[in-house]
Amino acid sequence: MARRKISLEKRREKILTAAEALVAEKGFSSFTMEDLSRETGLGMRSLYSIFPRKESILKAVVERKVGEIRKFIMGQIGGEETASGKVRALIFAILQMREMNREMLRFYVFERHLFEWDIQSELGEEFHSLYRDLLFTLKDLIQDGVRRGEFSPIDPRLGAALIMGSINTLTYLWLYGDEERNLMEDGKALWDLFLRLTGGGEEEEK
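Each step along the sequence shown adds one to the number in this note's numbering, with nothing skipped, and position 99 is 99.
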């Protein structure tokens, strides 16, 4: 039974990895279960026995991707000692993850509405949960920075909203067709602006 469970989990991961690559290549609306069967070497019966419908594959892909993004961002923050360093690391980690997952973001922004309401809601909750966590983490870090004297006294909620709102706007412009836009360069400009607004000291660029 244990060996069968491991085999099932391996096949599931194989399907999700292939599906993510197909989303990046074709977009979710364009790839088919036949494409997935060819990429994985699994028969259609095997695919449908693990994922009853195509939308359930997408949901699992999004859940896995959100978990990876969360782990990466929190890992980047954990490598910093100061509140200022953690805020900076968070900004650049978010932007780096968005650059690396452009097609997934494009799907979420431009294609999610094409699916049934229950799938739209479930996918939205995955991203909204991550967004809320990042927003509250930013608020706490800014509050800690103010307490330590790294930032001038500001409302940490407004500071977090300014950063996340700016990141979202820059990401939208990048997704909407400005492919030459460099999100990491935008991140440097955003960080410089935040330091100017909060009276933070210049940090050595990493």
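For glycine and all other residues, C-beta sits at the position ideal for the given N, C-alpha and C. In this text the structure is predicted, and so the values were computed from the model without any measurement.
Original post:
Short check: CB of TRP174 to CB of ARG181, under 7 Å?
Top reply: Here residue 174 refers to the residue found at position 174 of the sequence shown. Here residue 181 refers to the residue found at position 181 of the sequence shown. Yes.
Original post:
Comparing alpha-carbon positions, which option in LEU90, ASP35 and GLY79 lies nearest MET164?
Top reply: Start at 1 with the first residue of the sequence shown, and residue 164 comes out as number 164. Comparing Cα positions, the closest option is LEU90.
Original post:
Just the Cα atoms here: how many angstroms apart are ASP133 and ARG102?
Top reply: Locating residue 133 in the sequence shown gives position 133, where the first residue counts as 1. Locating residue 102 in the sequence shown gives position 102, where the first residue counts as 1. Approximately 21 Å between the Cα atoms of the pair.
Original post:
Do the CB positions of ARG70 and LEU130 come within less than 7 Å of each other?
Top reply: Within the sequence shown, numbered from 1, the residue matching residue 70 stands at position 70. Within the sequence shown, numbered from 1, the residue matching residue 130 stands at position 130. Taking 7 Å as the Cβ cut-off, ARG70 and LEU130 qualify as a contacting pair.
Original post:
Out of curiosity, what's the CA-to-CA distance linking VAL61 and ALA189?
Top reply: Position 61 of the sequence shown, counted from the first residue, corresponds to residue 61. Position 189 of the sequence shown, counted from the first residue, corresponds to residue 189. So the two alpha carbons sit approximately 32 Å from each other.
Original post:
Buried or exposed: where does GLY200 fall if 16 or more other Cβ atoms within 10 Å of its Cβ makes it buried?
Top reply: In the sequence shown, the residue the question calls residue 200 occupies position 200. Buried, since its Cβ has 16 or more Cβ neighbours within 10 Å.
Original post:
Cβ of LEU42 within 7 Å of Cβ of PHE31?
Top reply: Taking the sequence shown and counting its residues from 1, the one referred to as residue 42 is at position 42. Taking the sequence shown and counting its residues from 1, the one referred to as residue 31 is at position 31. No, the pair does not count as a contact, with Cβ atoms beyond the cut-off.
Original post:
Is the beta carbon of ASP144 less than 7 Å from the beta carbon of LEU170?
Top reply: Translated into positions along the sequence shown, residue 144 becomes position 144. Translated into positions along the sequence shown, residue 170 becomes position 170. No, the Cβ-Cβ distance between ASP144 and LEU170 is not below 7 Å.
**OP:** Return yes when the Cβ of ARG106 is within less than 7 Å of the Cβ of ILE50, no when it is not.
**Re:** Numbered from its first residue, the sequence shown carries residue 50 at position 50. Numbered from its first residue, the sequence shown carries residue 106 at position 106. Against a cut-off of 7 Å, the Cβ pair of ARG106 and ILE50 comes out as no contact.
Original post:
Taking the Cβ atom as the reference point for each residue, do GLU99 and LEU197 lie within a distance shorter than 7 Å?
Top reply: Position 99 of the sequence shown, counting from 1, holds the residue named residue 99. Position 197 of the sequence shown, counting from 1, holds the residue named residue 197. Not closer than 7 Å, so no.
Original post:
Quick one: what does DSSP say TYR176 is sitting in, helix, strand or coil?
Top reply: Mapped onto the sequence shown, residue 176 falls at position 176. Note: TYR176 maps to coil in three-state DSSP.
Subject >> Inter-residue spacing [alpha-carbon to alpha-carbon] between GLU64 and GLU126 >> reply: In the sequence shown, the residue the question calls residue 64 occupies position 64. In the sequence shown, the residue the question calls residue 126 occupies position 126. Note on identity: in this sequence residue 64 is Arg, with Glu being the wrong assignment. If you take the alpha carbons of ARG64 and GLU126, they lie about 10 Å apart.
Subject >> Sequence-distant residues of the same chain with beta carbon closer than 7 Å to SER152, five excluded per side >> reply: Locating residue 152 in the sequence shown gives position 152, where the first residue counts as 1. These residues qualify, in order along the chain: THR198 and GLY199.
Subject >> Per-residue burial, GLU9 [other beta carbons within 10 Å of its own, 16 or more giving buried] >> reply: What you label residue 9 is simply residue 9 of the sequence shown in a count that begins at 1. It counts as exposed.
Original post:
At which residues does the alpha helix (DSSP H) containing PHE92 begin and terminate?
Top reply: In the sequence shown, the residue the question calls residue 92 occupies position 92. Here the alpha helix (DSSP H) through PHE92 covers 83-100.
**OP:** Would you mind stating whether MET33 and LEU47 have Cβ atoms separated by less than 7 Å?
**Re:** Position 33 of the sequence shown, counted from the first residue, corresponds to residue 33. Position 47 of the sequence shown, counted from the first residue, corresponds to residue 47. Yes.
Original post:
Does the distance from the CB of SER84 to the CB of GLU20 come in under 7 Å?
Top reply: Taking the sequence shown and counting its residues from 1, one reaches residue 84 at position 84. Taking the sequence shown and counting its residues from 1, one reaches residue 20 at position 20. Their beta carbons are not under 7 Å apart, which means SER84 does not touch GLU20 by this criterion.
**OP:** Say whether chain B places a C-beta atom closer than 7 Å to the C-beta of SER30.
**Re:** As a matter of chain content, chain B is missing from the structure shown, which is built from one protein chain.
**OP:** Would you mind working out which of ILE73, GLU55 and GLY79 sits nearest SER29, comparing C-alpha positions?
**Re:** In the sequence shown, the residue the question calls residue 29 occupies position 29. Of ILE73, GLU55 and GLY79, the residue nearest in Cα terms is GLU55.
Original post:
Straight-line CA distance for ARG53 to GLY27?
Top reply: Working through the sequence shown from its first residue, we reach residue 53 at position 53. Working through the sequence shown from its first residue, we reach residue 27 at position 27. Between ARG53 and GLY27, the C-alpha separation is close to 17 Å.
**OP:** Give a yes or no on whether the C-beta atoms belonging to ILE77 and LYS86 are separated by under 7 Å.
**Re:** Start at 1 with the first residue of the sequence shown, and residue 77 comes out as number 77. Start at 1 with the first residue of the sequence shown, and residue 86 comes out as number 86. Cβ atoms of ILE77 and LYS86: closer than 7 Å.
Original post:
If you draw a straight line from the alpha carbon of GLU39 to that of ALA24, how long is it in whole angstroms?
Top reply: By one-based count along the sequence shown, residue 39 stands at place 39. By one-based count along the sequence shown, residue 24 stands at place 24. Cα-Cα distance, rounded: 14 Å.
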